[in-house]
Amino acid sequence: MLRVAVVLIGLVLSLLLFRKAAGTLHIGKINLISYTMYLFLLQTYAGASLVYLGDRNHYTMNYIMNDSSFDIMFYSVLLTALLFPLSIRVLYGIMNVDIRVRYREYLEKPVEIRSERPMFWILSVTGFICCLFLLIYIIKIGYFPLLRLVYKPAGFDFGIERQRISSITVINSYVTNVVIGTGIPLLSYMAFAYALALKKKFWWWALTFVLFGASIVEETLNFEKSPVVFYLFVMLLILMYSRGGLKTKTVVLFGICAAVIIVFIYTEQGYSFFSGDSNFYNGPVGRVLFTQVGTLAMHFDLFPFMFPFLGGRSLSPTAMSLLGIDGSYVRSGKLVMDYYGSDKVYDGTGGVMNTVFIGEAYANFGWIGMILGIVYVAVLMGLLFWMFLKIRKNPWNLAIACMLTGKLALASQGGFTDFIYNFQTILLLLLIPIGHFAPIVWKKLYHREKRGA
Numbered sequence: 134m135l136r137v138a139v140v141l142i143g144l145v146l147s148l149l150l151f152r153k154a155a156g157t158l159h160i161g162k163i164n165l166i167s168y169t170m171y172l173f174l175l176q177t178y179a180g181a182s183l184v185y186l187g188d189r190n191h192y193t194m195n196y197i198m199n200d201s202s203f204d205i206m207f208y209s210v211l212l213t214a215l216l217f218p219l220s221i222r223v224l225y226g227i228m229n230v231d232i233r234v235r236y237r238e239y240l241e242k243p244v245e246i247r248s249e250r251p252m253f254w255i256l257s258v259t260g261f262i263c264c265l266f267l268l269i270y271i272i273k274i275g276y277f278p279l280l281r282l283v284y285k286p287a288g289f290d291f292g293i294e295r296q297r298i299s300s301i302t303v304i305n306s307y308v309t310n311v312v313i314g315t316g317i318p319l320l321s322y323m324a325f326a327y328a329l330a331l332k333k334k335f336w337w338w339a340l341t342f343v344l345f346g347a348s349i350v351e352e353t354l355n356f357e358k359s360p361v362v363f364y365l366f367v368m369l370l371i372l373m374y375s376r377g378g379l380k381t382k383t384v385v386l387f388g389i390c391a392a393v394i395i396v397f398i399y400t401e402q403g404y405s406f407f408s409g410d411s412n413f414y415n416g417p418v419g420r421v422l423f424t425q426v427g428t429l430a431m432h433f434d435l436f437p438f439m440f441p442f443l444g445g446r447s448l449s450p451t452a453m454s455l456l457g458i459d460g461s462y463v464r465s466g467k468l469v470m471d472y473y474g475s476d477k478v479y480d481g482t483g484g485v486m487n488t489v490f491i492g493e494a495y496a497n498f499g500w501i502g503m504i505l506g507i508v509y510v511a512v513l514m515g516l517l518f519w520m521f522l523k524i525r526k527n528p529w530n531l532a533i534a535c536m537l538t539g540k541l542a543l544a545s546q547g548g549f550t551d552f553i554y555n556f557q558t559i560l561l562l563l564l565i566p567i568g569h570f571a572p573i574v575w576k577k578l579y580h581r582e583k584r585g586a
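Following my numbering, the numbering of the sequence shown begins with 134 at its first residue and continues without gaps.
Right under this line is the structure:
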């Protein structure tokens, strides 16, 4: 009973603190902080609590060598559930910001439209170039990946193909990630934001439709099960902010559709949901509830007993060189996969074992690093959320803010070092001032040409 009380009290306190930090927990008015909270509670706190209360039937639990790792894992999650929103609340108190009022005022603002015509041509031309790169990428793959989710030939192995496709690039990995992985979805978000704001502008909706199709193709390139859902969720965020919020039933309907999509993809990849109790742990439910926390327990089980703390070696090679960190680059999730999932590594289907960001913070910097990491990520997210509410509410900024909301919230479930240096995040942040000054430059050049004529 004591453990149940700890779980419930921790949950209630966390919800109260997150409500203060996010301004609202209304699912029809989701923002960066509340979205991060929902992902954390669903993918980490819920599973950690079940493990803490004795449910250790998921396959990841079988690898744990020291049973104390389970309790350490839960108390670390509990600390995150309290310290993360508390840090944001303290930050806003120091800044004298009433985030609830600021967020409500932001939602009530209309979307501003400036320089519509040049923006349409800029997005169209850029979109054409990005789609051309996507076509080249698909040609290099040798088949259309989306069709493989609908029809899988005999002997086709999604795991092996996923690893092969991940190694394919167009020019280089940076160009591939920026032009295809970031460019196509971002352009579709911008086109959608303009289409919503302009309502009956046919060409904006046509552009949105083309870029939406290209984005769905891009999100399914390596057969991952959730990217399509998270892509669509950012679309929902844009609709939410454009309309000043959505009804709860609309968001619930989206959740049901998302679940259907995930079940369909799992089914097409050979999973069964209607035969045997083990499917609860092996299917999407087990993946959501237990895989993250099982991998987190592995981090506490592995470091520093089997491997020494990494000391920042999980930072990107660029960041390592800037900070003067010696040694080879290695993500903690990769080491965990190599150690606990060696059979998958051997047959070529093993990647990394991702977990909530505190796992990588601990693996690199120990307990003090993990605690400081919680505060650091919380303050960073709090500042970015505040910044989103301060910039102009136009389609350009709206698309970038929503895309960053999705990426940063997901990054909290994937690794700590992405919050120190991440090229795509920096690029998206730089696009905000570019979008502010570009129309000004355009007008000056346009008027200069007219005077010259």
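Just so it is clear, CB atoms sit at the ideal spot from N, CA and C, and this is done for glycine as well. Note that the coordinates shown come from a computational prediction; the quantities given were computed from them, not determined experimentally.
Does residue i come out as helix, strand or coil in the three-state DSSP assignment?
i	result
Asn305	strand
Phe436	coil
Lys285	coil
Thr177	helix
Thr482	Caution is warranted here: a pLDDT of 46 is assigned to Thr482, below 50, making its placement in the model unreliable, and the coordinate value is therefore given only provisionally. Three-state result, Thr482: coil.
Val367	helix
Met431	helix
Met373	helix
Asp204	helix
Met194	helix
Arg525	coil
Tyr327	helix
Val140	helix
Glu245	coil
Lys380	coil
Tyr239	helix
Ser359	coil
Gly444	coil
Gln546	coil
Leu454	According to the sequence as given, residue 454 is Ser; it is not Leu. Helix, per DSSP.
Lys467	helix
Asn530	helix
Lys414	Rather than Lys, the amino acid found at residue 414 in this sequence is Tyr. Here Tyr414 sits in helix by DSSP.
What separation, rounded to the nearest whole angstrom, lies between the Cα atoms of residue i and residue j?
i	j	result
Ser201	Leu443	22 Å
Phe217	Ile507	6 Å
Val150	Leu215	In the sequence under discussion, the amino acid at residue 150 is Leu, which differs from the Val named in the question. Whole-angstrom Cα-Cα distance: 7 Å.
Pro450	Gly457	10 Å
Val145	Gly260	46 Å
Gly377	Met368	14 Å
Phe436	Ala138	30 Å
Asp459	Leu372	46 Å
Arg281	Glu249	39 Å
Gln296	Thr193	22 Å
Leu279	Phe253	28 Å
Phe277	Thr309	17 Å
Leu562	Cys535	12 Å
Gly161	Ile389	15 Å
Pro417	Met134	29 Å
Phe266	Thr381	39 Å
Met262	Met503	The sequence given here places Ile at residue 262; Met does not occur at that position. In a straight line, the C-alpha of Ile262 is about 42 Å away from that of Met503.
Ser408	Thr488	Any reading at Ser408 is ruled out, since the residue's pLDDT is 47, under 50, leaving its predicted position unreliable.
Cys77	Ala326	Since the first and last residues shown for the chain are 134 and 586, residue 77 lies out of range.
Trp338	Phe490	38 Å
Phe433	Phe335	55 Å
Lys526	Arg237	13 Å
Glu352	Gly314	8 Å
Asn199	Ile205	10 Å
Ser348	Asp471	32 Å
For my contact list, residue i and residue j are in at a C-beta cut-off of 8 Å; report their separation, rounded to the angstrom.
i	j	result
Phe203	Ala430	6 Å
Ile166	Ala155	4 Å
Leu186	Ser257	In fact, because the Cβ distance is near 55 Å, the residues do not count as touching under 8 Å.
Val244	Pro566	No, Val244 and Pro566 are not in contact; Cβ-Cβ is about 19 Å, not under 8 Å.
Thr169	Val426	No, Thr169 and Val426 are not in contact; Cβ-Cβ is about 17 Å, not under 8 Å.
Ser182	Val140	4 Å
Tyr322	Ala452	Not a contact, Cβ separation roughly 27 Å.
Tyr414	His191	5 Å
Phe440	Leu468	6 Å
Does the beta-carbon of residue i, which I'm using as the reference point, lie nearer than 7 Å to any heavy atom of the ligand PLP?
i	result
Tyr192	The ligand PLP is not among the ligands present in this structure, which contains no ligands whatsoever.
Would you say the segment 530 to 549 touches the segment 363 to 370, given that touching needs at least three Cβ pairs under 8 Å? yes
Counting pairs of Cβ atoms below 8 Å between the segment 171 to 181 and the segment 547 to 563, do you hit three or more? no
Does the segment 297 to 304 come into contact with the segment 268 to 280, if we say contact requires no fewer than three beta-carbon pairs (one atom in each stretch) closer than 8 Å? Counting C-beta pairs with one atom in each stretch, the segment 297 to 304 and the segment 268 to 280 have three or more that are closer than 8 Å, which means they touch.
How about the segment 487 to 503 and the segment 515 to 525: do they share at least three Cβ pairs that are nearer than 8 Å? no
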